[in-house]
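*Asks:*
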Amino acid sequence: MNNKFFSILSQVTILFGFIFALVGNNTIAAPESTDLQNLAQTIEKHQGNIIEWSLYARESVYLPTVEERLSKINELKELFPDMEWSDRSDSLIGKRDHGIFSETIQILSTDNNRHSSSYIVYEAKGENWDSKHVKFINDRAEKTVLNLFDGNPILFSCIKGEFSEELNEFVDHSLDGFLHSLHASEVESVKEQEFYSMSAFSSLFAQTLSFTNKQMNMQIGLRKNEMGPGTTFVVGTPILTIEY
44 MNNKFFSILS QVTILFGFIF ALVGNNTIAA PESTDLQNLA QTIEKHQGNI
94 IEWSLYARES VYLPTVEERL SKINELKELF PDMEWSDRSD SLIGKRDHGI
144 FSETIQILST DNNRHSSSYI VYEAKGENWD SKHVKFINDR AEKTVLNLFD
194 GNPILFSCIK GEFSEELNEF VDHSLDGFLH SLHASEVESV KEQEFYSMSA
244 FSSLFAQTLS FTNKQMNMQI GLRKNEMGPG TTFVVGTPIL TIEY
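Quick note on this note's numbering: the sequence shown kicks off at 44 and runs consecutively.
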């Protein structure tokens with residue numbers, strides 16, 4: 044059973060990775076900053092416990108020479124002087140801790156088939172979700188994204204947590220209500236004894252991705268909690284960016 048489970052998990056991970064690469068190379072209008080809040084409110088409505096959340100954005104940049112890379116590095120350090128910066132041969136990482144959440148900016152460079160590619164990556168993440176901090180998080184993230192990127196990259200919203208119900212119980216009795224609260228309908232799914240994955244479309248979220256002739260903008264991953272009773276979940280729009 045374990046071999047079968049991990050085989051299916053690998054296939055789904057590869058599929059989602061392909062989708063992530065496809066979306067990550069497009070620059071379209073960023074979603075409303077309430078996407079994360081909509082997800083959090085729905086999870087809390089269904090008695091879910093949030094243990095991790097993140098916002099993620101990525102944009103391709105053209106840095107063909109060492110001089111241009113150094114120029115971009117200096118530009119970012121000047122734009123965000125309050126970040127702690129560390130520079131490596133293939134990456135630049137800046138971190139800023141706000142207490143309730145942290146922000147990270149990276150320049151990543153990869154060399155594929157002798158072609159160098161560079162990306163600017165932004166991530167904001169935290170642990171416990173508190174609605175009274177939503178405005179502060181939104182304001183900080185929006186300001187950073189607007190200053191960081193030249194275009195309008197997609198802002199991925201993702202939440203990880205736990206439901207008290209067992210996996211089969213949640214899928215059979217609560218999943219439909221959860222989808223209904225998000226105005227979502229199933230597009231595709233994979234179900235196993237200890238694992239459930241779904242791609243869906245929700246009218247709450249403006250961004251869409253066309254895949255297999257259908258539109259989707261939300262993903263849900265569920266698995267049996269390995270540490271005790273209940274179900275571990277990850278839900279995100281337009282795709283998942285947290286492992287489960």
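Where is the CB? At the ideal position from N, CA and C, for every residue including glycine.
Is the separation between the beta-carbon of Cys201 and that of Trp128 shorter than 8 Å?
*Replies:* no
*Asks:* By the three-class DSSP mapping on this structure, what secondary structure does Thr147 have?
*Replies:* Strand, per DSSP.
*Asks:* Could you say which of Tyr105, Leu225, Phe206 and Ile163 lies nearest to Met270 if we only look at CA atoms?
*Replies:* Phe206
*Asks:* In angstroms with no decimal places, state the Cα-to-Cα distance between Glu208 and Tyr239.
*Replies:* In this structure, the straight-line span from the alpha carbon of Glu208 to that of Tyr239 is close to 14 Å.
*Asks:* Do the stretch 144-162 and the stretch 103-114 touch if we need at least three Cβ pairs shorter than 8 Å?
*Replies:* yes
*Asks:* Gly264 to Glu110, Cα distance in whole Å?
*Replies:* 43 Å
*Asks:* Once the 5 residues before and after Phe61 are set aside, which same chain residues still bring their CB inside 8 Å of it?
*Replies:* Confidence is the limiting factor: at Phe61 the pLDDT is only 41, short of 50, which leaves the residue's position unreliable and the question unanswerable from this model.
*Asks:* Ala100 and Phe192 - do their beta-carbons sit closer together than 8 Å?
*Replies:* When the beta-carbon positions are compared, Phe192 and Ala100 come within less than 8 Å of each other.
*Asks:* Going by beta-carbon coordinates alone, are Gln250 and Val177 separated by less than 8 Å?
*Replies:* no
*Asks:* Going by the CB atoms, is the gap between Lys257 and Glu237 shorter than 8 Å?
*Replies:* no
*Asks:* Helix, strand or coil, according to DSSP, for His223 in the structure here?
*Replies:* Of the three classes helix, strand and coil, the one that applies to His223 here is helix, per DSSP.
*Asks:* Please report the distance separating the alpha-carbon of Gln149 from that of Glu170.
*Replies:* 21 Å
*Asks:* DSSP three-state call for Thr187: helix, strand or coil?
*Replies:* helix
*Asks:* Can you give the beta carbon distance from Phe221 to Ile282, rounded, assuming they're within the 8 Å contact cut?
*Replies:* The Cβ separation is near 18 Å, so there is no contact.
*Asks:* Buried or exposed: which applies to Thr280, given that a residue is buried once 16 or more other Cβ atoms fall within 10 Å of its Cβ?
*Replies:* buried
*Asks:* Can you give me the C-alpha to C-alpha distance between Ser134 and Phe123, rounded to a whole angstrom?
*Replies:* 17 Å
*Asks:* Is Asn181 close to the ligand MG? I mean its beta-carbon at under 7 Å from any heavy atom of the ligand.
*Replies:* No copy of the ligand MG appears in this structure; indeed no ligand is present at all.
*Asks:* Name the residue from Val214, Asp219 and Tyr165 whose alpha carbon lies nearest to the alpha carbon of Pro196.
*Replies:* Tyr165
*Asks:* Report, in whole angstroms, the separation of the C-beta atoms of Val233 and Phe244, which I expect to be a contact under 8 Å.
*Replies:* In fact, because the Cβ distance is near 17 Å, the residues do not count as touching under 8 Å.
*Asks:* As an exercise, report each continuous beta strand (DSSP E) stretch of at least 3 residues that is fully enclosed by the stretch 96-156, in chain order.
*Replies:* 127-130, 134-140 and 145-155
*Asks:* So which of Asn260, Leu98, Asn181 and Asp173 has the shortest CA-CA distance to Ile86?
*Replies:* Of Asn260, Leu98, Asn181 and Asp173, the residue nearest in Cα terms is Asp173.
*Asks:* What's the C-alpha gap between Asn68 and Met241?
*Replies:* At Asn68 the pLDDT is 41, less than 50, meaning the model places this residue with poor confidence; the figure from the coordinates comes in the next sentence. Spanning the two alpha carbons is a distance of roughly 23 Å.
*Asks:* Grouping DSSP H, G and I as helix and E and B as strand, with all else coil, what is Val277?
*Replies:* strand
*Asks:* Are Leu218 and Thr274 close, meaning C-beta to C-beta below 8 Å?
*Replies:* no
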